[in-house]
Amino acid sequence: MTRRLLLSYLSLAALVLLCLEIPLGFVYSRGERERVVNAAKDEAESVSAYAALSLAAGRAERDLPTRVAHCAERIGGKVVIVDASGAPLATSHPVDVRATGDLAARPGIAAALRGTATVDVRTSTIGGVEYLSVAAPVGQEARPAGAVWLTVPTRTVHERVHHVWLLLVLGGLAVLTAVAVVGFAFARWAGRPIRELEQATHDLAEGGRFAPVTITKGPPEVRSLAAAFNRTAARLAHLLSSQRAFAGEASHQLKTPLAALRLRLENLEPHIAARGRGSLTAAVTETDRLARMVEQLLAMARLEEHAAISATVDLGTVCAERHRTWQPLFAREGVSLVLFAGSVGPVLAVPGAVEQIMDNLLSNALRASPAGSTVTIELRLQAPQRRALRDSRPRWVDLHVTDEGPGMTEEQRTRAFDRFWRAPGAPKGGTGLGLALVQRLAHASGGEAVLRAAATGGLDVVIRLPSARPPGETGVGPGADRPRRPKREAPALPA
């Protein structure tokens, strides 16, 4: 805003200066030319009167050369006095008749010798130099006794005109500089309420504490905007605080009854007949499912509430840790869990997001995998094509979790990320929130989540995360960018 205001001030000032200085420059230039011409006319008339007196007194040969020399020095040009026949009587500079021609034939001198009352002003070129010439008759008789011819180089006139334009340009630049200084100060003062409002908006967007902006400064439109922002921000802060309070209270109020309900159901087991044990087991399973749903809903609420900032995460280390944690559970169900972790380097992700993504994906894969099948965790580095020594395009790391279960159709894969949606015939115990949470965590980390059909008939879940490696870095040693696929080994049984 400051730059735009300053630009508008300078544009307006420049337009005003152009509208004033261009006509003023032409007026001053024309006035300067007229002043030079008038000065030459006055000199010509003065020399003419002096020559007439000298000729009448018979002192022309003695007085005229001195007078002519002084006059030429004063005007910076040349002065020639001729008699009635056009022969030179006195000159300030040597006259070459062959170069200048017959003086009496020159239009200005000829007009003066004919007794023209007005002074004849002409522009001519003599010896390659442009001159302003002025001729005046000597004496007031019908047939003058001679003529005075003054020539002034037009360079002198041009220098004075250029001097006038230079003064106008320097004056205009000085005015523009003053306008820029004053305009910048005024623009900063006028834009201060907008900057305060912008800073408050950024603080609110980044999750900072809401502080009302001042609405007593600035123009009425800005004060109205600040008041509307304060009302909107206050309402948003109230909604966020209400959501935060609900999440905290719901977490406490729901977990305790669910835990008590599960405990009561377990205590009923000795008092239930054999034919009712199936219903009791189903009730416990639904209780566990409800507890997991509550946990996932609260996790999604916290994720939507806070705009987390991505940090550097060692994806290989996290995958290895989750592999060790889940391996006993997979072994108990007769499912193999295999990890292929290549040299992919760190990634950028929201703190804690990779762990939650892995837990949800491995939980879904375990429920969908039959006994004797294999669930594979694999990391792949998607590097750009090496067509240049330094490629500035980003690189990605793909996390694949592949199972050998029934898989999904293409239509089911497009709906799998919807909240509370479950595929027909899906195993019991799911909440329909796991994949939705996985997608939100991937997007919050700057990546994406994709479902593909696996070559083994199951589902291949791909989580793509941005690599934290600089674009120009290619790893250590040849082939470091390609994940090495180790020999597949049977998982060790838990001790």
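Its first residue numbered 17, the sequence shown is counted upward by one per residue in the numbering used here.
All C-beta atoms, glycine included, are put in the ideal place defined by N, C-alpha and C.
Being a predicted model, the structure only gives us computed values, none of them experimental.
Inter-residue spacing [alpha-carbon to alpha-carbon] between A387 and T418: Reading the sequence shown from its first residue, position 371 is the one you call residue 387. Reading the sequence shown from its first residue, position 402 is the one you call residue 418. Taking the straight line from one Cα to the other gives about 15 Å.
To the nearest angstrom, report how far apart V466 and L377 are at their CA atoms. Numbered from its first residue, the sequence shown carries residue 466 at position 450. Numbered from its first residue, the sequence shown carries residue 377 at position 361. Between V466 and L377, the C-alpha separation is close to 12 Å.
Do L148 and A56 count as a contact pair if the criterion is CB distance below 8 Å? Looking up residue 56 in the sequence shown gives position 40. Looking up residue 148 in the sequence shown gives position 132. In this structure, L148 lies closer than 8 Å to A56 by Cβ.
Which of helix, strand or coil DSSP assigns to P169: Translated into positions along the sequence shown, residue 169 becomes position 153. Strand at P169.
Buried versus exposed call for G117 [16 or more other C-beta atoms within 10 Å across all chains shown]: Reading the sequence shown from its first residue, position 101 is the one you call residue 117. With a pLDDT of 49 at G117, under the threshold of 50, the predicted position of this residue should be treated as unreliable, though the coordinate-derived value follows. Exposed, because fewer than 16 other Cβ atoms sit within 10 Å of the Cβ of G117.
Backbone CA spacing between S64 and S101 [nearest angstrom]: Position 48 of the sequence shown, counting from 1, holds the residue named residue 64. Position 85 of the sequence shown, counting from 1, holds the residue named residue 101. Near 16 Å, if we compare the C-alpha coordinates of S101 and S64.
Can you tell me which of the three DSSP states F433 falls into? Here residue 433 refers to the residue found at position 417 when the sequence shown is read from its first residue. Of the three classes helix, strand and coil, the one that applies to F433 here is coil, per DSSP.
For the region 84-100 against the region 58-72, are there 3 or more C-beta pairs whose distance is under 8 Å? yes
Residue of P422, S108, A72 and V168 minimising C-alpha distance to H86: To locate residue 86, count along the sequence shown from 1; it is residue 70. Closest option to H86, Cα to Cα, is S108.
Through-space distance from N380 to D304, alpha-carbon basis: In the sequence shown, counting from the first residue as 1, residue 304 sits at position 288. In the sequence shown, counting from the first residue as 1, residue 380 sits at position 364. C-alpha separation (whole angstroms): 15 Å.
Is E349 helix, strand or coil when you go by DSSP? Here residue 349 corresponds to residue number 333 of the sequence shown, with the count starting at 1. Reduced to three states, the DSSP call for E349 is coil.
Exposed or buried, which one is L513 when buried takes at least 16 other CB atoms within 10 Å? The structure shown does not extend to residue 513, since the chain is modelled only from 17 to 511, so the question has no answer here.
Mapping DSSP to helix, strand and coil, what is C35? Residue mapping note: residue 35 aligns to position 19 of the sequence shown, counting from 1. Helix, per DSSP.
Could you tell me which whole beta strand (DSSP E) segments of length 3 or greater appear in the region 340-394? 352-356 and 363-365
Starting from H86, follow the beta strand (DSSP E) in both directions and report where the run begins and ends. In the sequence shown, counting from the first residue as 1, residue 86 sits at position 70. Premise fails: H86 lies in the alpha helix (DSSP H), A76 to I91, not in any beta strand (DSSP E).
Can you give the Cα-Cα distance for A227 and L184, rounded to whole angstroms? By 1-based counting over the sequence shown, the position of residue 227 is 211. By 1-based counting over the sequence shown, the position of residue 184 is 168. In a straight line, the C-alpha of A227 is about 52 Å away from that of L184.
State buried or exposed for I91, treating a residue as buried only when at least 16 other CB atoms are found within 10 Å of its CB. Within the sequence shown, numbered from 1, the residue matching residue 91 stands at position 75. Flag for I91 reads buried.
The alpha helix (DSSP H) that contains L457, what's its start and end? Indexing the sequence shown from 1 puts residue 457 at position 441. Note, L457: alpha helix (DSSP H), G450 to A460.
Buried or exposed (CB count within 10 angstroms, at least 16 for buried), E394: Sequence index remark: in the sequence shown, residue 394 carries index 378 (1-based). Burial call: buried.
If I follow the unbroken beta strand (DSSP E) through P123, where does it start and stop? Your numbering for residue 123 matches position 107 in the sequence shown. Element bounds for P123: not the beta strand (DSSP E) but the alpha helix (DSSP H), P123 to L129.
Look at L40 and L80 and say whether their C-beta atoms are less than 8 Å apart. Along the sequence shown, read from residue 1 onward, the residue named residue 40 stands at position 24. Along the sequence shown, read from residue 1 onward, the residue named residue 80 stands at position 64. The answer is no: Cβ separation not under 8 Å.
Quick check on DSSP: helix, strand or coil for Q398? By one-based count along the sequence shown, residue 398 stands at place 382. Strand at Q398.
Just to confirm my understanding: we take M374, look at its own chain, exclude 5 residues before and 5 after, and list those with CB closer than 6 Å. What are they? Here residue 374 is taken as the residue at index 358 of the sequence shown, counted from 1. Excluding positions up to five away in sequence, the list reads R338.
Start and end residues, beta strand (DSSP E) containing A327: Residue numbering aside, residue 327 sits at position 311 when the sequence shown is read from its first letter. Segment A327 to V329, the beta strand (DSSP E) holding A327.
Applying the criterion that 16 or more other CB atoms from any shown protein chain within 10 Å of the CB defines a buried residue, is R411 buried or exposed? The residue given as residue 411 occupies position 395 in the sequence shown. It is buried - the Cβ of R411 has at least 16 other Cβ atoms within 10 Å.
From the DSSP output, read off the bridge partner residues of I479. To locate residue 479, count along the sequence shown from 1; it is residue 463. Paired residues: L415 and A465.
Of the choices L457, V53 and F262, whose alpha-carbon is the least far from that of R480? The residue labelled residue 480 in the question sits at position 464 within the sequence shown. It is L457 whose Cα lies nearest to the Cα of R480.
Whole-number beta carbon distance between V351 and V391, since they are thought to touch under 8 Å: Counting from 1 along the sequence shown, the entry for residue 391 is found at position 375. Counting from 1 along the sequence shown, the entry for residue 351 is found at position 335. Yes, they are in contact, since the Cβ atoms of V391 and V351 sit about 6 Å apart, within 8 Å.
From the DSSP output, in three-state form, read off R403 for me. One-based indexing of the sequence shown puts residue 403 at position 387. Its pLDDT being 46, under 50, R403 is placed unreliably by the model, and the measurement read from it follows with that caveat. Of the three classes helix, strand and coil, the one that applies to R403 here is coil, per DSSP.
Leaving out five residues before and five after A203 in sequence, what residues of the same chain have Cβ atoms less than 6 Å from its Cβ? As a position in the sequence shown, residue 203 is number 187, starting the count at 1. Excluding positions up to five away in sequence, the list reads T18, L21 and L22.
Inspect the beta-carbon positions of H416 and R396 and report whether they are closer than 8 Å. Taking the sequence shown and counting its residues from 1, the one referred to as residue 416 is at position 400. Taking the sequence shown and counting its residues from 1, the one referred to as residue 396 is at position 380. The answer is yes: Cβ separation under 8 Å.
Is the region 120-127 close to the region 30-46, with three or more CB pairs under 8 Å? no
By the three-class DSSP mapping on this structure, what secondary structure does V185 have? What you label residue 185 is simply residue 169 of the sequence shown in a count that begins at 1. Helix at V185.
What residue from L129, A307 and A357 has the CA that sits closest to L277's CA? Numbered from 1 along the sequence shown, position 261 holds the residue referred to as residue 277. Out of L129, A307 and A357, A307 has the C-alpha closest to the C-alpha of L277.
So, under 8 Å CB-CB, A60 and V198 are touching, yes? Tell me the CB distance rounded to an integer number of Å. Translated into positions along the sequence shown, residue 60 becomes position 44. Translated into positions along the sequence shown, residue 198 becomes position 182. No, A60 and V198 are not in contact; Cβ-Cβ is about 51 Å, not under 8 Å.
Mind checking which residues open and close the beta strand (DSSP E) that includes P104? On the sequence shown, position 88 is the one that residue 104 refers to. P104 -> beta strand (DSSP E) spans P104 to T107.
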